[in-house]
Structures are given as C-alpha cells and as structure tokens.
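Report on one structure; see the data block that follows.
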Amino acid sequence: MVLISTGCQATVFGRFAFRRHFFQHAGIRLARPNPISKDLYDIGDNPHFITVNHWINNSNAYEQEKTVEEYLQYAYGTPESNLEGFEFMFSLPALKDNFSAQCAKLCQENSPVVNGDHPIEALELGCGVGRSAFELARFCHRVVAQDFSSRFIQICNILKEKGQLPYNYTVEGKITRKAQAVVDSSIPRERCHFEQGDACNLRTDIGSYDIVLCANLVDRVPDPKKFLDSLPGLVKPDGVLVITTPYTWMENYTWSGKWIAGFMENDKEVKGFSVLQNILSPHFELVKKENIPMIIREHSRKFQLCIPHATVWNRK
Ligand SMILES: C[S@@+](CC[C@H](N)C(=O)[O-])C[C@H]1O[C@@H](n2cnc3c(N)ncnc32)[C@H](O)[C@@H]1O
Numbered sequence: 000m001v002l003i004s005t006g007c008q009a010t011v012f013g014r015f016a017f018r019r020h021f022f023q024h025a026g027i028r029l030a031r032p033n034p035i036s037k038d039l040y041d042i043g044d045n046p047h048f049i050t051v052n053h054w055i056n057n058s059n060a061y062e063q064e065k066t067v068e069e070y071l072q073y074a075y076g077t078p079e080s081n082l083e084g085f086e087f088m089f090s091l092p093a094l095k096d097n098f099s100a101q102c103a104k105l106c107q108e109n110s111p112v113v114n115g116d117h118p119i120e121a122l123e124l125g126c127g128v129g130r131s132a133f134e135l136a137r138f139c140h141r142v143v144a145q146d147f148s149s150r151f152i153q154i155c156n157i158l159k160e161k162g163q164l165p166y167n168y169t170v171e172g173k174i175t176r177k178a179q180a181v182v183d184s185s186i187p188r189e190r191c192h193f194e195q196g197d198a199c200n201l202r203t204d205i206g207s208y209d210i211v212l213c214a215n216l217v218d219r220v221p222d223p224k225k226f227l228d229s230l231p232g233l234v235k236p237d238g239v240l241v242i243t244t245p246y247t248w249m250e251n252y253t254w255s256g257k258w259i260a261g262f263m264e265n266d267k268e269v270k271g272f273s274v275l276q277n278i279l280s281p282h283f284e285l286v287k288k289e290n291i292p293m294i295i296r297e298h299s300r301k302f303q304l305c306i307p308h309a310t311v312w313n314r315k
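Reading the sequence shown from the start, the letters are residues 0 to 315 in numbering that gives the first Met the number 0.
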C-alpha cells in the first residue's frame, strides 16, 4: 500500500481542514481497494489510522458544492421556495422560521448581559454558511465564527464582503433554480469575523465570550468529549451557551470509540442529553431545553427533516 497525501482530511481525525488549493499537491490516492468499510473504523485504540477510503468515497461532505448549495438554501432560502408545493408542512410553524435565526434568538433571549452596558462578544463553533453568526451580529458587537470547512468559511467571507451570493437549488435531477443568498442589510456584517478552525483543537488565544453557540456540531466532531470539556473555558461567568444537536452519532464523523452516547451500556441506553448534562452540569446550569425543527432540501420532493434538541446553559 502506498499513500501520498498532503491533505489532513485524509483522516477523519485530521486537525486541519483540507484546503482546496492543496489539490495541486495531491499525489497517489488509492491506498486500499474498495470496499474496506468493515475494517475502516476497526481501528482499536489507534484513532490515527488513515481513513483514506472515507476521504475518497465520502470526502468531507462540508467541502462539497452539493452540500454548500443545500446549506445556502436551508440557511438563506425562503421557506416558500424550500417547500414549494408542500405548503401544508407550514402547519408545523417552526418550519417557516429560519433555524439559524432561531438559534441566535435563543442566545439573545437567554443572555443576562444583552441590553447591559458592555459590548457583547459571541463565539460560534461550526458556523456552517454563516447565517446564525450574521443573526448574532444584530445584537453582539463582535462575533467570532469558526468552521472546519474551508469552503464554508470562504462562503461566509463572500457573504460578509458582498452581502449576497448567487446559488442554485435543485428541483429534480439536473434541473436547478437560481436563487440569491442575502444577508439582511440591517445587519452590521463587519462585526463578524470568520475563520477556519477545529472545535477540538481551538487556537490557544481564542478567549472567552458572553455567548457561545454550537449548532448541530457535537455529533460531527472527532472527539465530542474533548470538545465539550473545552466549553467551560470559552464562556465567561454568567455567559450563555447554546447547544443544538439531533444526537446523530455517525462513524463518518466520529469513530465509535469516541462516541459519548448512542449505545447500550450494561443493558441501559446511553443517550445524548443525559451525557451532556453529566459533562456540563459541574460548570453550567441548564436553563432551557426545546426542540427546533429544521429542513434541508435535497430536491423538490426530498427533504431531510431533523428535530435538533436545543439546550441553553448559563455559566456558573
Ligand atoms: C450539521 S452542520 C451545522 C452547520 C451550522 N451550525 C448550522 O446549523 O447550519 C455541522 C458543521 O460543523 C462543521 N464541523 C465539523 N467538524 C468540525 C470541527 N471539528 N470543528 C469545527 N467545525 C466542524 C462542519 O463543517 C459543518 O459546517
């Protein structure tokens, strides 16, 4: 087996996102014949086993154009364009509301320092295509927003600079419609700072914040426990932490040896919310929990319906 790759995304445990311009250095790619799914994750105690097959076959979904367009539509598309022809789904009112805007609203409503007299600073980890970071900028004076995907950060920076970005969303097969992602012109976009980063290996000078938002991230990182353990250090005393997650534990993102929940132990179900409580409660008080449905449109007749569990925590 010969492997040459300069891309850290060659392993799901890589610490830096695979930068697109590194493709010029990509060398021999085939490391194992397909399929190797059985032993791909059978890596014992060694989480640094190179999961090349994963990289070739799945790549990092969050670097792919298909995902970028689906996320632009989910984050910036109108509910009417998203669910055209299926308006009956608006009977679930939350589907008409924008998920990212609702996350920012949860932060605002539960932060004791909003409307105080000092400038509010927010951190968003796993910011995707930036919609919630822009929403946070409505009431926060500075928003640092990170994502592992360099393509997503590129999109965020274009939206920050231009305030809009054309994209296509899928109707059926290769039929697409043109749309425009637009950041509300009343939002002071310059308050947002977007940077590529790994929530499991944050830069040491990241600082601490009045508001920390992690939307649908904890089940996407390679080491959820390490990530959760870093949160107390990121939230200022009395600050607020908002976590949303559908608890979708997947080998593609987290080696099962690192799962914190989603398995049986001594005949008991180990579930995500209890584990979050165990890990966070020494440092945070749980102030609220709710369900916030969201829909990602794949095409006009196929949608991912997800009901992330949103929990709001106040730093003790
Ligand atoms: C399910 S998406 C959620 C995106 C966004 N928060 C939202 O709600 O629309 C998960 C996001 O986490 C990012 N991500 C995955 N692993 C990460 C890591 N280790 N550090 C930071 N971001 C990561 C992905 O690139 C992706 O943008």
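Glycine included, each C-beta is placed from N, C-alpha and C at the ideal position.
Integer Cβ distance of residue i from residue j, believed to fall under 8 angstroms
| i | j | result |
| --- | --- | --- |
| ASN313 | PHE283 | 6 angstroms |
| THR169 | GLU79 | Rounded, the Cβ-Cβ distance is 16 angstroms, inconsistent with contact. |
| MET223 | LYS267 | Note that residue 223 is Pro in the sequence shown here, rather than Met. Incorrect: roughly 19 angstroms between the Cβ atoms, too far for contact. |
Coil, strand or helix - residue i by DSSP
| i | result |
| --- | --- |
| MET263 | strand |
| GLY238 | strand |
| VAL316 | Past the edges of the chain, shown from 0 to 315, lies residue 316, and the structure says nothing about it. |
| ILE154 | helix |
| ALA309 | strand |
| MET88 | helix |
| ARG314 | strand |
| LEU285 | strand |
| ARG322 | This structure cannot settle anything about residue 322, because the visible part of the chain is limited to 0 through 315. |
| CYS102 | helix |
| LEU216 | coil |
| PHE226 | helix |
| ASN109 | helix |
| ALA121 | strand |
| LYS95 | coil |
8 angstroms Cβ cutoff met for residue i and residue j
| i | j | result |
| --- | --- | --- |
| PRO221 | THR253 | yes |
| PHE138 | ILE119 | yes |
| LEU275 | ALA198 | no |
| VAL241 | LEU105 | yes |
| LEU279 | LEU227 | yes |
| GLN195 | ILE259 | no |
| SER131 | ASP209 | no |
| GLY129 | PHE193 | yes |
| LYS287 | HIS308 | no |
| LEU233 | SER255 | no |
| THR243 | ASN215 | yes |
| ALA136 | ILE205 | no |
| SER299 | GLU134 | no |
| ASN59 | SER184 | no |
| MET249 | PHE98 | no |
| TYR73 | ILE306 | no |
| ARG150 | VAL67 | yes |
Cutoff 7 angstroms; reference residue i; Cβ partners in own chain excluding five residues on either side
| i | result |
| --- | --- |
| ILE157 | LEU164 |
| ALA180 | LEU71, TYR75, LEU158, GLN163, LEU164 and TYR166 |
| ASP146 | GLY125, CYS126, GLY127, ILE152 and GLN195 |
| LYS177 | PRO165 and ASN167 |
| ARG219 | GLY125 and TYR252 |
| VAL113 | GLN107, ILE119 and PHE138 |
| ARG188 | PHE133, ALA136, LYS159, GLY162 and VAL182 |
| LYS315 | HIS282, PHE283 and GLU284 |
Own chain residues within Cβ distance below 8 angstroms of residue i, not counting five before or after
| i | result |
| --- | --- |
| HIS140 | PRO118, ILE119, GLU120 and ARG190 |
| LYS270 | TYR246, ALA260 and GLY261 |
| PHE89 | PRO78, LEU82 and LYS95 |
Same chain, Cβ closer than 6 angstroms to residue i, five either side skipped, listed in chain order
| i | result |
| --- | --- |
| GLN101 | ILE291 |
| LEU304 | ILE294 |
| VAL143 | LEU122 and HIS192 |
Runs of alpha helix (DSSP H) wholly within the stretch 54 to 84 (minimum 4 residues, chain order) = Those alpha helix (DSSP H) runs which fall completely within the stretch 54 to 84 and span 4+ residues are 64 to 75 and 78 to 81.
Only counting runs of 4 or more residues, tell me where the alpha helix (DSSP H) segments fall wholly within the stretch 144 to 210, in order along the chain.
-> 149 to 161
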